[in-house]
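Report on the structure given below.
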Amino acid sequence: DGQLGGIMKVFREWRISGNTEWLRGLWPKVKRSLDYCIETWDPGHKGVVEEPHHNTYDIEFWGPDGMCTSFYLGALQAAVIMGKALGDEVPLYAELLAGGTRKAETELYDGEYFIQRIEWKNLRAKNPMENKSMVVSYSPEAVAILEKEGPKYQYGNGCLADGVLGSWLALVCGVGQVLAAPKVTSHLQAVHKYNLKHDLSGFANPQRPSYACGAEGGLVLCTWPKGGELSLPFVYSNEVWTGIEYQVASHLMRMGRVQEGLDVVRACRDRYDGRVRNPFNEYECGHWYARAMSSYALLFGLSGARYDAVDKVLYLEPSIKGDFRSFFSTATGYGTVGVRKGKPFFEAKAGTLDIREVRYVKHDA
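Take 5 as the starting number for the sequence shown in my numbering and just add one per residue.
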């Protein structure tokens, strides 16, 4: 997910800076990176990530899944737009994007949320059972589980908080929507419904329960509300990570589900109110862990404010009704943005911002 996310971040830096010549110089490396991803994880050109792929849970997923495939689709969409702008269109990227979107929205969507289709026998990668050193180190019980459920540390039919993470990153980076918005919204609502716990007293977390425990609330990484929980799911599945809580909350807000997003934020901030935990140190795998900086996306989730330095357009698509003001920062200046007496505005506090057009989408709900 990191390499594919990096391609979307290149897109982000291009639109933030407006420097197309910088992008032109980097474009060959972007293509090389994406081509490597295609050959390594999608050699059959299906548009989904299916070969064993490492991810933020420190393990490999086997078979296509919503989380990493959404990253793949976001990277492909970013590359299609960048290639077109540079006059170097790559038809393969567009084909994979179209085909992968169709497969993800059908084969990886259970009607409510996006899942993983565990696959370990019909891939280019060697079947784990053919790896003698692996099998020897397994107990007979572990071998039986592998035969029945596939490799350990997957999530299968689980409702994963990160299940459409790549779609969120695409929005934050300005790439645009990937995957159908109603299905993305449905997934996020399912995460809110099934994964948000307001009291964890009866919830077993064998990993690092200090992140959230007892009568505290939090957003669990993965649940299996429809059954099918694996015997050995990915090891962090029962944990609560603030970096993911903010990501899900801001994505809910961006998709118009503000109250659900605020529910998640409140559960998170209640744990870090200064009585038990440092409100300025939302630790995960270490103190002051960077993932919690996803909280910055809450501003975008609520305001929908984004400046495109290539087209000189200020986008303002608030998820909230009425007047408001919000902090706003760009490459050349910062200040406040919002709506005053029904009209959009930007007021610079430092630097300048060349705005040739304001695209304001009023909240009508």
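Don't be surprised by glycine CBs; every beta carbon is placed ideally from N, CA and C.
- Bridge partners of cysteine 226 according to DSSP: Leu164.
- Between methionine 71 and glycine 170, the CB-CB gap stays under 8 Å.
- Looking at the DSSP output, lysine 201 shares a beta bridge with Gly222.
- The C-beta distance from glycine 342 to serine 307 rounds to 7 Å, short enough to fall under 8 Å.
- Rounded to whole angstroms, the separation of the alpha carbons of glycine 22 and methionine 86 is 12 Å.
- Taking a contact to require three or more Cβ pairs closer than 8 Å, the segment 194-211 and the segment 86-98 do not qualify as touching.
- Distance check between arginine 121 and each of Ala271, Gly180, Val53 and Glu321 places Val53 closest, using alpha-carbon atoms only.
- Here glutamate 151 is exposed, its C-beta having fewer than 16 other C-beta atoms within 10 Å.
- Lysine 33 sits exposed, since fewer than 16 C-beta atoms from the chains shown fall within 10 Å of its C-beta.
- No residue range can be given for threonine 336, since it is assigned to no alpha helix (DSSP H) and is classified by DSSP as neither H nor E.
- For proline 348, the uninterrupted beta strand (DSSP E) run begins and ends at 347-355, by DSSP.
- Among the bridge pairs identified by DSSP, glutamine 158 is matched with Pro237.
- The closest CA to that of glutamate 361, considering only Asp312, Ala165, Arg128 and Val84, is found on Asp312.
- Three or more Cβ pairs closer than 8 Å define a contact, and the segment 275-285 falls short of that threshold against the segment 328-338.
- Here arginine 363 carries a strand assignment [DSSP, helix/strand/coil].
- Where alanine 83 is concerned, the enclosing alpha helix (DSSP H) starts and stops at 70-89.
- Under DSSP, histidine 57 shares a beta bridge with Phe65.
- About 10 Å separates the beta carbon of leucine 38 from that of valine 14, a gap too long to meet the 8 Å contact definition.
- Exclusion of the five residues before and after glutamate 321 leaves Gly308 and Val365 as the residues of its chain whose Cβ lies within less than 6 Å of its Cβ.
- Residue pairing by DSSP puts arginine 329 in a beta bridge opposite Gly342.
- For alanine 309, the enclosing beta strand (DSSP E) covers residues 309-312.
- In the DSSP annotation of this structure, the continuous segment of the alpha helix (DSSP H) that includes valine 268 starts and ends at 262-275.
- Proximity to glycine 247 across Cys226, Glu17, Cys272 and Ser74 peaks at Cys272, based on C-alpha coordinates.
- Following the DSSP letters along the chain, one finds leucine 101 inside the alpha helix (DSSP H) bounded by residues 95-111.
- Annotated as proximal: alanine 165 and valine 195, with beta-carbon spacing under 8 Å.
- With a beta-carbon spacing of about 34 Å, methionine 133 and glycine 78 fall beyond the 8 Å limit used to define contacts.
- The continuous stretches of alpha helix (DSSP H) do not include tyrosine 319, which lies in the beta strand (DSSP E) extending over residues 317-320.
- Shortest Cα-Cα distance from asparagine 161 to any of Pro144, Leu127 and Glu123 involves Glu123.
- In this structure glycine 115 does not touch lysine 50 by the C-beta definition: roughly 21 Å separates them, more than the 8 Å allowed.
- Shown here for alanine 184: same chain residues with a beta carbon closer than 6 Å to its own, the five before and five after excluded, namely Glu109 in chain order.
- Valine 280 sits exposed, since fewer than 16 C-beta atoms from the chains shown fall within 10 Å of its C-beta.
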